[in-house]
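J.: For any residue, its number in this note's numbering is found by taking its place in the sequence shown, counting from 1, and adding 106.
By construction, the Cβ of each residue, glycine as well, lies at the ideal position given by its N, Cα and C atoms.
In this text, all values refer to a predicted model and were calculated from it rather than measured experimentally.
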Amino acid sequence: MFRTASLADLPAFLCGHAQNPEAATGCTVVVAPEGAVCGVDVRGGGPATRETDLLRPENMIEAVHAVVLAGGSAFGLAASTGVMDELAARGIGFPVEGARVPIVVGACLFDLLVGESAHPDAAMGAEACAAAFARTAEEPLAEGNVGAGCGATVGKLLGGERAMKSGLGTCGLALGELAVVAIVAVNALGNVRDGDGAWIAGCRDDEGRVMDPLAAFGAMAAAGDGTAPAAGGPCANTTIGVVLTNARLTKAQASKTASTVHDAYARAIKPVHTLNDGDTVFAFASGEVEALPDAVSVLACEAMQGAIVNAVRQAEGACGLPAARDLIAGR
Numbered sequence: 107m108f109r110t111a112s113l114a115d116l117p118a119f120l121c122g123h124a125q126n127p128e129a130a131t132g133c134t135v136v137v138a139p140e141g142a143v144c145g146v147d148v149r150g151g152g153p154a155t156r157e158t159d160l161l162r163p164e165n166m167i168e169a170v171h172a173v174v175l176a177g178g179s180a181f182g183l184a185a186s187t188g189v190m191d192e193l194a195a196r197g198i199g200f201p202v203e204g205a206r207v208p209i210v211v212g213a214c215l216f217d218l219l220v221g222e223s224a225h226p227d228a229a230m231g232a233e234a235c236a237a238a239f240a241r242t243a244e245e246p247l248a249e250g251n252v253g254a255g256c257g258a259t260v261g262k263l264l265g266g267e268r269a270m271k272s273g274l275g276t277c278g279l280a281l282g283e284l285a286v287v288a289i290v291a292v293n294a295l296g297n298v299r300d301g302d303g304a305w306i307a308g309c310r311d312d313e314g315r316v317m318d319p320l321a322a323f324g325a326m327a328a329a330g331d332g333t334a335p336a337a338g339g340p341c342a343n344t345t346i347g348v349v350l351t352n353a354r355l356t357k358a359q360a361s362k363t364a365s366t367v368h369d370a371y372a373r374a375i376k377p378v379h380t381l382n383d384g385d386t387v388f389a390f391a392s393g394e395v396e397a398l399p400d401a402v403s404v405l406a407c408e409a410m411q412g413a414i415v416n417a418v419r420q421a422e423g424a425c426g427l428p429a430a431r432d433l434i435a436g437r
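1. Is the beta carbon of H368 closer than 7 Å to that of R149?
2. For the alpha helix (DSSP H) holding A411, just list the boundary residues, first then last.
3. The beta strand (DSSP E) with S392 in it runs from where to where?
4. What's the gap between the Cα of L433 and the Cα of R354?
5. Give the straight-line distance between the Cα atoms of E192 and G301, rounded to the nearest whole angstrom.
6. Let me know the secondary structure DSSP gives G339 once reduced to three states.
7. Can you check which of these residues, A224, A172, A213, is closest to G199 by C-alpha distance?
8. Can you find the residues in the same chain that come closer than 6 Å, C-beta to C-beta, to Q411, ignoring five residues on each side of it along the sequence?
9. Tell me whether V202 is buried or exposed, calling it buried when 16 or more other Cβ atoms sit within 10 Å of its Cβ.
10. Report the rounded CA-to-CA distance for D312 versus V298, giving the unit in angstroms.
11. Along the beta strand (DSSP E) that carries V148, what are the first and last residues, could you check?
12. Using the Cα positions of A142 and G197, report the straight-line distance between them to the nearest angstrom.
13. Can you find the residues in the same chain that come closer than 8 Å, C-beta to C-beta, to G132, ignoring five residues on each side of it along the sequence?
14. What is the rounded straight-line gap between the Cα of A336 and the Cα of G151?
15. Out of R268, L113, G221, which has the shortest C-alpha to C-alpha gap to I289?
16. Any idea if L320 is buried or exposed, counting beta-carbon neighbours within 10 angstroms, 16 or more meaning buried?
17. Quick check on the burial criterion: 16 or more other C-beta atoms within 10 angstroms. Buried or exposed for N382?
18. Do F390 and C214 come within 7 Å of each other at the CB atom, strictly closer than that value?
19. I'd like the span of the alpha helix (DSSP H) that includes V189, first residue to last.
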């Protein structure tokens with residue numbers, strides 16, 4: 107039978123956050139000190155990613171030491187440099203003539219228009235990496251307005267003033283010894299729905315209620331504007347996530363798992379993978395448990411859908427935008 111899993115079931119991975127609440131930006135780091143197999147699938151029209159070509163199955167690198175999720179758009183890629191420096195200082199990475207070269211991959215979301223003008227830098231990346239080593243296995247990873255989700259928002263079909271605050275969420279599932287945990291920062295152009303199909307956050311109507319996305323597109327058409335806000339400009343969205351597992355996977359199998367997990371994005375977010383999103387999923391596998399790759403993909407997809415919902419439900423209103431909990435409370 108399926109059971110709930112947590113990061114305590116995956117001791118090969120260390121996770122930590124760093125954020126600047128005033129600037130509404132941050133980063134989240136997942137470290138595999140011994141290295142782990144990693145795959146990726148990037149969709150949408152505007153990704154900001156680092157070293158994802160290394161993860162192609164035909165390329166040489168077989169072990170990755172950290173995955174970084176960050177705000178700040180392309181500026182936020184600098185956080186990965188700090189993670190790399192912190193890992194090297196701890197003696198983690200491939201040995202090269204007495205030095206250590208950590209392999210660090212990552213992806214960023216666009217939060218530059220929320221909060222103050224700032225973005226994650228190398229110092230913040232190093233701070234999040236250090237937090238990952240300081241966090242105990244039993245300590246739950248914080249959710250909501252933290253890490254890469256600090257400045258995340260959803261529902262920008264009719265502009266930022268009708269959006270809602272989102273954040274970072276986690277969810278884990280296990281089947282026997284096989285465990286999968288999903289971590290995601292939800293910064294979508296579209297709306298988010300729960301497992302029953304109800305819209306729980308997104309573009310708001312004049313009364314402050316969440317609109318059906320098709321109604322929002324209709325409102326754009328009625329206004330004579332058939333394109334989403336920011337089309338042709340900066341990519342102001344993007345949902346970025348990672349699924350962690352103790353399964354033994356090849357790079358090709360990890361990449362296939364990441365591809366399948368985009369089904370969870372499609373179930374929970376509408377619209378998704380648009381020209382105004384750079385949606386990315388990493389799959390990070392530590393290899394202790396023999397498992398069918400399809401079983402890993404099924405668990406990972408279900409966990410990611412739960413993590414997306416949690417990212418919205420755990421968020422708090424900020425920067426003048428309400429969160430799902432505010433609508434539920436009627437505030």
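T.: From the atom records:
1. Taking the sequence shown and counting its residues from 1, one reaches residue 149 at position 43. Taking the sequence shown and counting its residues from 1, one reaches residue 368 at position 262. Taking 7 Å as the Cβ cut-off, R149 and H368 qualify as a contacting pair.
2. For the purposes of this step, residue 411 is taken as the residue at position 305 of the sequence shown. Here the sequence assigns Gln to residue 411, which means Ala is not the residue at that position. Where Q411 is concerned, the enclosing alpha helix (DSSP H) stretches over 399-419.
3. Position 286 of the sequence shown holds residue 392. That run of the beta strand (DSSP E) goes 386-395.
4. As a position in the sequence shown, residue 433 is number 327, starting the count at 1. As a position in the sequence shown, residue 354 is number 248, starting the count at 1. Taking the straight line from one Cα to the other gives about 42 Å.
5. On the sequence shown, position 86 is the one that residue 192 refers to. On the sequence shown, position 195 is the one that residue 301 refers to. One C-alpha to the other measures close to 39 Å.
6. In the sequence shown, the residue the question calls residue 339 occupies position 233. Note that G339 scores a pLDDT of 44, beneath 50, so its modelled location is shaky; the value from the coordinates is reported in the next line. Coil, per DSSP.
7. Walking along the sequence shown from the start, residue 199 turns up at place 93. The shortest Cα separation from G199 among A224, A172, A213 belongs to A172.
8. Position 305 of the sequence shown, counted from the first residue, corresponds to residue 411. If we look at Q411 and ignore the five residues flanking it on each side, its Cβ neighbours are A370, R373, A374.
9. Numbered from 1 along the sequence shown, position 96 holds the residue referred to as residue 202. Exposed is the call here.
10. As a first step, residue 312 must be located in the sequence shown, where it is residue number 206. As a first step, residue 298 must be located in the sequence shown, where it is residue number 192. So the alpha carbons of these two residues sit roughly 19 Å apart.
11. For the purposes of this step, residue 148 is identified with residue 42 of the sequence shown, where counting begins at 1. Looking at the DSSP string, the run of the beta strand (DSSP E) that includes V148 is 131-148.
12. Here residue 142 is taken as the residue at index 36 of the sequence shown, counted from 1. Here residue 197 is taken as the residue at index 91 of the sequence shown, counted from 1. Taking the straight line from one Cα to the other gives about 16 Å.
13. Indexing the sequence shown from 1 puts residue 132 at position 26. Around G132: H123, A124, Q125, N126, A176, G177, P226, M230, A234, V252, G253, A254, G255, C256, G257.
14. Counting from one through the sequence shown, the residue named residue 336 turns up at place 230. Counting from one through the sequence shown, the residue named residue 151 turns up at place 45. Residue placement at A336 cannot be trusted, given a pLDDT of 45 that sits under 50; what the coordinates show is reported in the next sentence. Approximately 12 Å, taken between the alpha carbons.
15. Looking up residue 289 in the sequence shown gives position 183. Comparing Cα positions, the closest option is L113.
16. Your numbering for residue 320 matches position 214 in the sequence shown. Label assigned to L320: exposed.
17. Against the sequence shown, residue 382 aligns to sequence position 276. Looking at its Cβ environment, which holds 16 or more other Cβ atoms inside 10 Å, N382 is buried.
18. The residue you call residue 214 lines up with position 108 of the sequence shown. The residue you call residue 390 lines up with position 284 of the sequence shown. Cβ atoms of C214 and F390: not closer than 7 Å.
19. Taking the first residue of the sequence shown as 1, we reach residue 189 at position 83. Segment 184-195, the alpha helix (DSSP H) holding V189.
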